[in-house]
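Protein chains in written order, with the working numbering: chain A, 1 to 501; chain B, 502 to 910; chain C, 911 to 1278; chain D, 1279 to 1420. Glycine is no exception: its CB is placed at the ideal position from the N, C-alpha and C atoms. Below is one structure, written out as structure tokens, with a few remarks after it.
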């Protein structure tokens, strides 16, 4: 094709009065947008290469750079927008499936933003978290109300596998390979410091990180990459990944170019070979097969570790969750349609799945109706963006949340959504050594710790405001939520009242 | 503990600072023939050049003696020492000591020259008083003859270049700065100095002074108004020598700056120690060495053992903006590089850097000095790389982690 | 029933006064003293609800479930009695005696039945007798419009109405009852429903609860307890607390002390400082019964057969004192409510938050 | 004593430290106007080689050869920080010969310049450290 109909989506604006030609932008852009012309003593930029990741703008010491959306525009059309048109061009040029990364960016409702929280006034006191203990510790795993007593009538605690979290947030599955060694180290160290868990994703566990095993959830996914006895034994819990919110129903594909060195060894995939995770687990074609895998993993680890089953939020999520709750799984992780990814077909990411808020509400309600809510813990994921989202999720009935994108943002991700290129300028979604080193885990882990410490403070503030001093009294406490601008149907599914009611 | 220090130069100051690192209380007495607050002698040429003044020439701030609890006896001459009774006899009485440091420096050496005594205006160039006297004798028409094209002679020449009419320099050696430069390097510097109007008479010497004229061995004659002798110096060793201490050209000291006389130490230009590059015992009359020897002596006098075994020749000097740095010994194979504004010679032998001469772009030369001082094995670094460009790159990650990261391997 | 929304249709926060008197020796005493006690705390109520529970008041029918029922209409009474007759053996029924008190208005029909489940129905249901009773109570209260069973235990009874508690006491002629334990409740709801069923105590079987406070964990507790077959029709704290106690005590088999460690659990920090076995037990209880933790302010008195328990929330956000004189134990929101009936106490103290005070009849007590 | 340490593992070779240093020591109010068209002479310099980069600045040695060697008393140690009194410097460059790190250098006016840990700018953390985007340069006690 002679002509590409592409025009840069972004433009690099450089203030000539501020640019001192330090060339930091040039050195820092892996997309090679910036170039110095010595003969003119000028910096120039190739806008077409710009992905709007802000690396240059952030590091520019004189704030000379701005990235703006190109005003270059198509003729106004309420039906054919810029996105639709340029996607056609891309596909007409490449003949390929469109790929994108991170979470669904489209304009679907965000239910978290349509729910408001309660607070105490007069009739019962709010509690000052600075004066009184405010408990956010959470246990994940099934519960039993069975009581055993010794001959003296003293209660004998029954041993149950469980995870103890200092707060109801964990780092969700992101594989070594999709993200960098340093990103993984940051997550692992932060999880340990915070007393929570991070998740290996389907990339195996690098041997350097075995030391963080007691804060690690290892994933067993359809490709079974990196799964071996020691991997399972090292972990605190095992997660069977059935689906992912960003791409329900399909598998994964890490191209051979990224299967190098440690990534290859950790995944147990030969260097240069593509790592293809099949769409389904080929040993799980039904719920009873899942039960077998759950118990296989429990057998393999001597019933010492909780088993998670992670599923994408899809239409009949409540029934699926009910089946999983009866499969022996200890925790069900549900990933909403906004969940992130290192690479997914755009059409799938943007059109498949349902919002996590609705999925969570309906699963929690269903499990309670069936009287089996205590058998499992519910962990939700898929765009938990703030402590308020965590808080609302818990009030809807979640035991804890997984955060992925939020964690990456803390590490420097600017959501440019080009992870699939492997040229992450922030050292996160890349394996290029010169880029990987841009994420110093000493700083990265601290930022994660800061983020969740801040969230925990906020959670405590919100709890205190409503007179609750322990997170378990928030769980499923939907009276603390009120909807705004929601239809009766939506309110019914969420199990909440409208504001003012 | 009573410390007595004879001298008031960098060795003496180094000793005071060395003592005080260990002993905050002991009494220190400083005896100096010169009546001045401690000042930096090499600065006298810059004083004449107008680049400094007497205030800024002070080697340490005004409060230095007081802050360090030093009892200062300026303008007092130490005449002899009694190593048995441990006293110093001065022209103002006896001073007892427990530990004594001789940091008496050196004095000009003037070879016998016919008619020298009859020269009316003749000066040395060692002390502040010398410099002041010389400058007073100069007018813009004055013709100056300098005997000696060494560091002192040439710095004097540079210093007075703006104060007099003409400068001629005579030296017995075949090149200027013969003690620190090889022939080629000396030629580079000489050229630059000639461009500033100086005349050189090398491989030559004065046969006779007569009237305002010096007749040279070569038969040439030089008319002059003022004579400066800068042929060389003699270490002041008599105090120790008279007390029975071992002396050669200087007072013999070990790595702890001890002389052979009990409780008597020596440092600076009067002391003769081991050159760490060549292994020879010699006087290294250089300010950094003087300070470090003095400091080492001070520490040892205060009872903290510790050797100074890193003495070596190292010079940094400039004339009219042309800078040159040298260090070590010029022995072994040579890496030579010459380019725009750069003359560089590195001497290496037996897997170590022995010495260097760099003129012009002298940046980061200290990295070479350190290699000489530390006897860095050249096989362990990228020598080719470092020859071209002194940086920490050739040392490798591990060594750099020590140097820059404070990592102790 | 008028247009006002009532308990069950809306959640109404309220503040309150509570009081309880218990005779360890089982000596029966008149209900008059509990009226005097609750009357002192007049200002803690606002006339929108008052009530009492008495234990040991029906010795002659002590083996029968005493159902106290409000009827809004005669039709409701007819329907309810029809249901009762089908499922229970009714050995006595009567109007509950009342006195006309001008402050008490809008009174419904108030009836009392002493019953036992019909053996055939009971065996058909394959339930325990108590479970059968509970299910029946729930069915009547949810399915028969205008009928509401507000007391269903043996040898105990609840008496409640809309009004100030002292007026309610006189209305029900409480001074004519004698028992070994009485509790009382004066209500200060922040809304104005006029429904008698919404007054406290709330009771199920022998458990009766008077509660002062407004818990923040309500919906978490409600949604959890509803998984175990309870229906929180009133949406009141007292109702859900009663069910939690019933569930944990009767169904799960926790002791009252253990229940206190669940509903007003010690903080993790405190648990962390306990000896290993104690710590493990507390960790276990908190973890397994996490949804039964009650947070927010409450002080409750739980009456049950042969005992009375006082409990404050873990932060003690509501006042409550306990005092003793000889074999009599007094528990109340305010000390004055105790001093008015027994000025000369052996001791009086304020239990810590989460500290359960449980009194039971002495082994050789005269009356059970 | 707190010193500047460099961990080359995290150095990105972005050279921001050089600009931050130059700006901080310039006394200017705004980097863009201060450094526009200026050939900067920072006290910290990035060295780069095959896949390696790191910044070098004065180590503030406990036993500093530059101070000992200074013939004019222009270099001194103040609370552990090696400072230069430019007015006393006579451009002999003995310190340059002495410094094993090559961290003392001639300034534009001939007097030597060196890192003084930004003590004279009174901004607390040295500018190179404060501006290092990857924590490759730290200011701490070791």
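Of all C-beta pairs linking the segment 667-683 of chain B to the segment 791-809 of chain B, fewer than three are shorter than 8 Å, placing the two stretches out of contact.
The alpha helix (DSSP H) runs lying completely inside the segment 1165-1209 of chain C and spanning 4 residues or more are 1166-1173, 1178-1182 and 1186-1198, given in chain order. At a cut-off of 8 Å between beta-carbon atoms, residue 636/B makes no contact with chain D. Residue 705/B is bridged by DSSP to nothing; it lacks a bridge partner.
When C-alpha distances from residue 121/A are compared across 1126/C, 975/C and 1071/C, the shortest belongs to 1126/C. The C-beta separation of residue 980/C from residue 1079/C comes to about 17 Å, leaving the pair out of contact by the 8 Å criterion. Given a length threshold of 4 residues, each whole run of the alpha helix (DSSP H) inside the segment 399-431 of chain A is given here in chain order: 405-410. Around the beta carbon of residue 770/B, 16 or more other beta carbons lie within 10 angstroms, which makes this residue buried.
Across the structure, residue 957/C and residue 1075/C are spaced so that their CA atoms are roughly 8 Å apart. Look at residue 1223/C here: in three-state DSSP terms it is coil, with no helix or strand label. The beta-carbon distance between residue 963/C and residue 1093/C, rounded to whole angstroms, is 5 Å. This is short enough to meet the 8 Å contact definition. Listed by position along chain D, the residues whose Cβ is nearer than 7 Å to that of residue 22/A are 1293 and 1297. Per the DSSP secondary-structure output, residue 1361/D pairs in a beta bridge with 1354/D. Burial of residue 535/B is indicated by the presence of at least 16 other C-beta atoms within 10 angstroms of its C-beta. Rounded to whole angstroms, residue 688/B and residue 700/B show a C-alpha spacing of 13 Å.
Its chain contains 171, 172, 173, 174, 339, 340 and 381 as the residues whose beta carbon lies nearer than 8 Å to that of residue 404/A, once the 5 sequence neighbours on both sides are disregarded; these appear in chain order. Exposed is the label assigned to residue 1341/D, since fewer than 16 other Cβ atoms lie within 10 Å of its Cβ. The Cβ of residue 282/A sits no closer than 8 Å to any Cβ of chain C. Secondary structure of residue 964/C (DSSP, three-state): strand.
In this structure, the straight-line span from the alpha carbon of residue 1068/C to that of residue 1218/C is close to 15 Å.
Counting other Cβ atoms within 10 Å of its Cβ, residue 342/A reaches 16 or more and is therefore classed as buried. With a cutoff of 8 Å on beta-carbon distance, residue 312/A and residue 243/A are scored as near each other. For residue 312/A, the enclosing beta strand (DSSP E) has its first and last residue at 307-312. Each residue's CA atom was taken as its position, placing residue 317/A and residue 1019/C some 49 Å apart. By the Cβ rule, the segment 1110-1125 of chain C counts as touching the segment 924-935 of chain C, because three or more pairs are nearer than 8 Å. Taking a contact as a CB-CB distance under 8 Å, the pair residue 115/A and residue 392/A counts as one, their CB atoms being some 5 Å apart. Judged by DSSP in its simplified three-state form, residue 366/A adopts helix. Residue burial is scored here from C-beta neighbours: residue 88/A has fewer than 16 other C-beta atoms within 10 angstroms and is therefore classed as exposed. For the options 323/A, 228/A and 354/A, the alpha carbon positioned closest to that of residue 301/A is the one of 228/A.
Interface residue (Cβ-Cβ distance to chain A less than 8 Å): residue 1133/C is classified as such. Counted as a single uninterrupted DSSP element, the beta strand (DSSP E) harbouring residue 533/B occupies residues 528-533. Using beta-carbon distances, residue 162/A counts as an interface residue toward chain C, with a partner under 8 Å. For residue 1181/C and residue 1330/D, the gap between their C-alpha atoms comes out near 53 Å.
Of the candidates 157/A, 63/A and 132/A, 157/A places its Cα closest to the Cα of residue 1197/C. Within the model, the alpha-carbon separation for residue 221/A versus residue 251/A is close to 9 Å.
Taking the C-beta atoms as reference points, residue 1396/D is found no nearer than 8 Å to residue 1333/D.
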